[in-house]
Every structure is written in structure tokens, then in C-alpha cells.
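Structure first, then comments.
Numbering (the UniProt record's numbering), first residue to last: 1 to 107.
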């Protein structure tokens with residue numbers, strides 16, 4: 001943040017990350033903001049990469065994160081937003097070994 005500010009004092013400085021609705025991540029980011037400010041570094045905003053589905057994130061926790069970051073005195077921006085309406089596929093993956101069997105070139 002210090003070097004970015006020195007390179008361009010007029011640019012807005014963001015900390016941008018994902019999973020910001022998770023309580024542990026929220027607390028860590030709030031601490032980071034406080035630590036940067038205490039060290040004399042400027043931070044203007046937090047960017048929230050928001051990858052949403054029906055079961056995640058918990059929108060009450062998402063709202064708490066926005067409020068917590070704003071309380072730390074920074075702007076809050078949604079820097080990425082995608083919303084899936086399809087069923088979750090966590091834990092599912094391609095069965096590559098089976099797919100190899102179906103392709104003569106790969107056997």
C-alpha cells in the first residue's frame with residue numbers, strides 16, 4: 001500500500017479478496033485495515049469478490065462484513081459478482097481415469 005501510494009498518490013487503494021462473508025476472514029481483514037492504518041499506510045476500500053449461490057454465502061454474514069468494513073472507515077465495493085442458480089456441485093469432479101478408457105488415443 002505504501003509503494004502504491006508513493007507511485008500514485010491519487011489512486012484509490014483497495015484490499016480485494018474472496019470469502020469475505022466468513023466471520024474469521026472478516027475479522028482478519030478488519031485487523032489488516034487497522035494494522036495498515038496504524039503503520040501509517042493509506043487504505044481506501046475493501047473489494048469483495050462475491051461468488052454466490054443458493055446456499056452460500058450466508059447473507060446475514062455478508063451484510064455483517066459490509067458493515068464491519070465500513071465501520072473501519074473504508075469504502076466497500078463488490079468487485080466481482082456471479083450468482084449461480086444451479087444446484088451446488090461441491091465434491092463432484094471429473095472421473096478422469098474412466099474418461100481415458102473411452103478414448104483410444106489415451107489408452
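We treat Cβ as the ideally placed atom computed from N, Cα and C, and that holds for glycine.
| Check | Outcome |
| --- | --- |
| Cβ pair residue 24, residue 58 closer than 8 Å | no |
| Those runs of the beta strand (DSSP E) which lie wholly inside the UniProt domain "GH10" (1 to 107) and span at least 3 residues | 14 to 18, 45 to 52, 75 to 83 |
| Chain-order list of residues whose beta-carbon lies under 6 Å from that of residue 69 (same chain, five-residue window excluded) | 46, 76 |
| Sequence-distant residues of its chain with Cβ nearer than 7 Å to residue 16 (five each side left out) | 47, 49, 79 |
| Residue closest to residue 65, alpha-carbon to alpha-carbon, out of 39, 55, 31 | 31 |
| Chain-order list of residues whose beta-carbon lies under 6 Å from that of residue 18 (same chain, five-residue window excluded) | 49 |
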